[in-house]
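> Note that the protein sequences, when read in sequence, are chains A and B.
Per our numbering, the very first residue in the first sequence carries number 672; after that it's consecutive.
Per our numbering, the very first residue in the second sequence carries number 672; after that it's consecutive.
Here a beta-carbon is modelled for each residue, glycine too, at the ideal position from N, C-alpha and C.
Please read these numbers as outputs of a predicted model, since none were measured by experiment.
Protein chains: 2
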Amino acid sequence: MRPHEIEQIKSSHLFHDMADEHFSSLVTAAYLQRFPAHVQLLHEGDRPDFLHILLEGGVELYSRHDGRETIIAIIRPVTTFILAAVVGDFPYLASARTLEAARILLIPAESVRAIADKDAAFSRSLVRELSLAFRGVMRELKNQKLRNSAERLANWIIRTDSVSGRSGRFTIPHDKRRLASLLGMSPENLSRSLVTVSGHGVKLNGRTVVIEEPDRLATFAKPSTTIDEAEN
Amino acid sequence: MRPHEIEQIKSSHLFHDMADEHFSSLVTAAYLQRFPAHVQLLHEGDRPDFLHILLEGGVELYSRHDGRETIIAIIRPVTTFILAAVVGDFPYLASARTLEAARILLIPAESVRAIADKDAAFSRSLVRELSLAFRGVMRELKNQKLRNSAERLANWIIRTDSVSGRSGRFTIPHDKRRLASLLGMSPENLSRSLVTVSGHGVKLNGRTVVIEEPDRLATFAKPSTTIDEAEN
DNA sequence: CGAAGCGTTGAGAGCCGTCAAACTACGTGG
DNA sequence: CCACGTAGTTTGACGGCTCTCAACGCTTCG
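Pasting the structure below:
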């Protein structure tokens, strides 16, 4: 692992406050692994072996049920995932596969739990991280229950622009079919929703999205701090 | 507060492992309050003042957005709620109101956070509680994205029977309109979904639900351990 | 007895999914 | 360089799911 990456992980909220000694022991127990694109990382229902930290590339969490499949989340570096399953030794509620080639740090689940028991500061960070994760899913649940598909798309555009620097222009970072699944609609319906938002201040060109009239888009999307805000 | 209730709280997962001294200090800082039915307890967007523990009665968490409203959860004793907001001092993502008269223990949020910082065992319990809460919402998100309304109803029936003793007979513990909102559908649609499940081994009489042919119901509902299982 | 609230039913419209076909972009091999 | 194949996307047609609106019956309670 590259030194600046160790730094980066150590400086993230989850690991920042813990004893250096414990952090080292986590890192030395860990495996850094490269995966090619479209490789299955986790199977829903399995028990967790490793806490995963995505350092590079992209990963999708998805779930299948009775012939249907939906994307739960798309993960970009640097992000730790399946934390809730790891700390409680619970079976995964979703499967994971790489979207592109990815570098992932694998920390043995047993080590994470052992150090969570020993290191109070780490345990406090886990509390914070899990409460944020909880709120993230809660927001997504509200997004699904309180909005129709065009509104979900419009707010996704606002949010994505927001995290990519508010330049008013960005590129959809994957298939449109994946975006459709993430937003909870069919690919065909996403096409139509894209046409709909085009009538509300957005210009589209392939995967390039340009927000030409932010106010008109916001009027249509009606973003809410208790659904869309990212960082708490 | 009644002595057996203090026992009951202390013996719950969240408080069981913490130092007695810290538990006492939480309880002495707490207020026990009675609320009549249909009283607003919390407003979405506010900051948390107290951790709430429902001792008696019923509470609903709900959220409004752009003229729509949906019930997020219906809470029955003994259950603590809004934990994620309290530990991180984050604004509520949902509002809460009593369904019936309720007795609620209110522990100052500041005390909870202070003792979470001091008591490592309590912090570990919080980790566990929050990971379970996370998984609960995640399951609900999957329920919404992967099932249609009749399937959600059928699985709700199976789950409700399951927690009420698997007798094959129970009473819907509130309005049907609330059940509809909880399940993510309109009241009219719930009526029709009830007709649908009646064709799959369920007998209905007002709010009384009788599962006459569990196998047929299960065949229709297709319950899944990674969506419906309650306790992990 | 009358009023009000809840639940059900029917009609209609809109949202959304499925299926099929056409179109596009892109890369490959001839 | 071009023809072609493939995967992704778009469009149209259609049907089904779900919501809204309205009417009606039932129960409860004043």
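(1) What's the C-alpha gap between Leu726(A) and Gln679(A)?
(2) Please state whether DSSP places Arg849(B) in a helix, a strand or coil.
(3) Can you tell which of His714(B), Glu692(B), Pro719(B), Ser734(B) has its C-alpha closest to the C-alpha of Gly855(B)?
(4) Can you tell which of Gly872(B), Ser857(B), Asn826(B), Asp886(B) has the C-alpha that lies nearest to the C-alpha of Asp899(B)?
(5) How many angstroms separate the CA atom of Gln815(A) from the CA atom of Lys816(B)?
(6) Determine contact between the segment 842-861 of chain A and the segment 874-883 of chain B, defined as no fewer than three beta-carbon pairs at a distance below 8 Å.
(7) When you compare each of Ser857(A), Ser833(A), Lys893(A), Asp886(A) to Glu902(A) by their alpha carbons, which one comes out closest?
(8) Using a threshold of 7 Å, is the CB atom of Gly759(A) nearer than that to any non-hydrogen atom of the ligand COA?
(9) Does any CB atom of chain A fall closer than 8 Å to the CB of Phe761(B)?
(10) Under the rule that 16 or more other beta-carbon atoms within 10 Å means buried, what is Ala708(A), buried or exposed?
(11) Show which residues of chain B have a CB atom less than 9 Å away from the CB atom of Ile898(A).
(12) Could you tell me which of Thr741(B), Pro762(B), Lys893(B), Val710(B) sits nearest to Arg818(B), measuring between CA atoms?
(13) Using beta carbons (cut-off 8 Å, strictly below), is Ala791(A) in contact with chain B?
(14) Quick check: the segment 754-769 of chain B against the segment 710-727 of chain B, are there 3 or more CB pairs under 8 Å?
(15) Does Phe752(B) have its Cβ less than 8 Å from a Cβ in chain A?
(16) Could you run through the segment 804-836 of chain A and flag, in chain order, every residue whose CB is less than 7 Å away from some CB of chain B?
(17) For Leu812(A) and Leu861(B), which I take to be in contact (beta-carbon distance under 8 Å), what is that distance rounded to the nearest angstrom?
(18) List the residues of chain B that Glu715(A) touches, going by C-beta distances under 7 Å, in chain order.
(19) Output yes if chain B places a C-beta closer than 8 Å to the C-beta of Thr741(A); else output no.
(20) For Gly839(A) and Leu875(A), what's the separation of their Cα atoms in angstroms?
(21) 8 Å is my cut-off, CB to CB: does Ala889(A) come that close to chain B?
(22) I'd like to know whether the C-beta atoms of Leu797(B) and Phe721(B) end up nearer to each other than 8 Å.
(23) In whole angstroms, what is the alpha-carbon distance linking Gly728(B) and Thr831(B)?
(24) What first and last residue would you give for the beta strand (DSSP E) that runs through Ile746(B)?
(25) Please list, in chain order, all residues of the same chain as Ala700(B) whose beta carbon is under 8 Å from its beta carbon, the five residues on each side excluded.
(26) In the DSSP assignment, the beta strand (DSSP E) including Pro779(B) goes from what residue to what residue?
(27) Between the C-alpha atoms of Val868(A) and Pro748(A), what's the straight-line distance to the nearest angstrom?
(28) Any idea what DSSP makes of His684(B), helix, strand or coil?
(29) Can you give me the Cβ contacts of Val710(A) inside the same chain, cut-off strictly under 7 Å, excluding the 5 residues immediately before and after it?
(30) Can you say whether His684(B) is buried or exposed, counting buried as having 16 or more other CB atoms within 10 angstroms of its CB?
(31) If we define contact as Cβ-Cβ less than 8 Å, is Ser857(B) a contact residue for chain A?
(32) How about Ala772(A) and Arg673(A): are their beta carbons less than 8 Å apart?
Taking the structure as given:
(1) Within the first sequence, residue 726(A) is the residue found at index 55, counting from 1. Within the first sequence, residue 679(A) is the residue found at index 8, counting from 1. The C-alpha of Leu726(A) lies about 10 Å from the C-alpha of Gln679(A).
(2) Looking up residue 849(B) in the second sequence gives position 178. If DSSP states are grouped into helix, strand and coil, Arg849(B) belongs with the helices.
(3) Translated into the one-based positions of the second sequence, residue 855(B) becomes position 184. Measuring from the Cα of Gly855(B), the nearest candidate turns out to be Ser734(B).
(4) Within the second sequence, numbered from 1, the residue matching residue 899(B) stands at position 228. Nearest option by C-alpha distance: Asn826(B).
(5) The residue you call residue 815(A) lines up with position 144 of the first sequence. The residue you call residue 816(B) lines up with position 145 of the second sequence. If you take the alpha carbons of Gln815(A) and Lys816(B), they lie about 8 Å apart.
(6) The answer is no - the segment 874-883 of chain B does not touch the segment 842-861 of chain A, with fewer than three Cβ pairs under 8 Å.
(7) Counted from its first residue, the first sequence places residue 902(A) at position 231. Per the Cα distances, Ser833(A).
(8) Summarising the ligand content, the structure contains no ligands, and the ligand COA is consequently not present.
(9) To locate residue 761(B), count along the second sequence from 1; it is residue 90. Yes, Phe761(B) counts as interfacial toward chain A.
(10) Counted from its first residue, the first sequence places residue 708(A) at position 37. It counts as exposed.
(11) For the purposes of this step, residue 898(A) is identified with residue 227 of the first sequence, where counting begins at 1. Within 9 Å Cβ-Cβ: Ser734, His736, Leu764.
(12) The residue labelled residue 818(B) in the question sits at position 147 within the second sequence. Comparing Cα-Cα distances from Arg818(B) to each of Thr741(B), Pro762(B), Lys893(B), Val710(B), the minimum goes to Lys893(B).
(13) On the first sequence, residue 791(A) is found 120 positions in, with the first residue counted as 1. At a cut-off of 8 Å between beta-carbon atoms, Ala791(A) makes contact with chain B.
(14) The count of Cβ pairs closer than 8 Å, one atom from the segment 754-769 of chain B and one from the segment 710-727 of chain B, reaches three, so the stretches are in contact.
(15) Within the second sequence, the letter at position 81 stands for residue 752(B). No, Phe752(B) lies away from the interface with chain A (no Cβ there is under 8 Å from its Cβ).
(16) Per Cβ criterion, the list reads Ala804, Phe805, Arg806, Val808, Met809, Arg810, Glu811, Leu812, Lys813, Gln815, Lys816, Leu817.
(17) Within the first sequence, the letter at position 141 stands for residue 812(A). Within the second sequence, the letter at position 190 stands for residue 861(B). The C-beta distance from Leu812(A) to Leu861(B) rounds to 19 Å, too long to fall under 8 Å, and the pair is not in contact.
(18) Numbered from its first residue, the first sequence carries residue 715(A) at position 44. Per Cβ cutoff of 7 Å: Thr897.
(19) Start at 1 with the first residue of the first sequence, and residue 741(A) comes out as number 70. So, interface residue.
(20) The sequence position of residue 839(A) within the first sequence is 168, counting from 1. The sequence position of residue 875(A) within the first sequence is 204, counting from 1. Approximately 12 Å between the Cα atoms of the pair.
(21) In the first sequence, the residue the question calls residue 889(A) occupies position 218. Chain B, which has no Cβ nearer than 8 Å to the Cβ of Ala889(A), makes this no.
(22) Within the second sequence, the letter at position 126 stands for residue 797(B). Within the second sequence, the letter at position 50 stands for residue 721(B). The Cβ-Cβ distance between Leu797(B) and Phe721(B) does not fall below 8 Å.
(23) Within the second sequence, residue 728(B) is the residue found at index 57, counting from 1. Within the second sequence, residue 831(B) is the residue found at index 160, counting from 1. Their Cα atoms are separated by approximately 17 Å.
(24) Taking the second sequence and counting its residues from 1, the one referred to as residue 746(B) is at position 75. Per DSSP, Ile746(B) belongs to the beta strand (DSSP E) from 739-746.
(25) If you number the second sequence from 1, residue 700(B) lands on position 29. The answer, listed in chain order, is Ile778, Pro779, Ser782.
(26) As a working note, residue 779(B) is residue 108 in the second sequence. Run containing Pro779(B): 773-779, per the beta strand (DSSP E) assignment.
(27) Within the first sequence, the letter at position 197 stands for residue 868(A). Within the first sequence, the letter at position 77 stands for residue 748(A). Approximately 29 Å, taken between the alpha carbons.
(28) Stepping through the second sequence from its first residue, residue 684(B) is reached at position 13. Looking at His684(B) - three-state DSSP - the assignment turns out to be helix.
(29) Within the first sequence, residue 710(A) is the residue found at index 39, counting from 1. Around Val710(A): Arg768, Thr769.
(30) Taking the first residue of the second sequence as 1, we reach residue 684(B) at position 13. Its Cβ having fewer than 16 others within 10 Å, His684(B) is exposed.
(31) Taking the second sequence and counting its residues from 1, one reaches residue 857(B) at position 186. No, Ser857(B) lies away from the interface with chain A (no Cβ there is under 8 Å from its Cβ).
(32) Residue 772(A) sits at position 101 when you count from the first residue of the first sequence. Residue 673(A) sits at position 2 when you count from the first residue of the first sequence. Result no, Cβ atoms of Ala772(A) and Arg673(A) do not sit closer than 8 Å.
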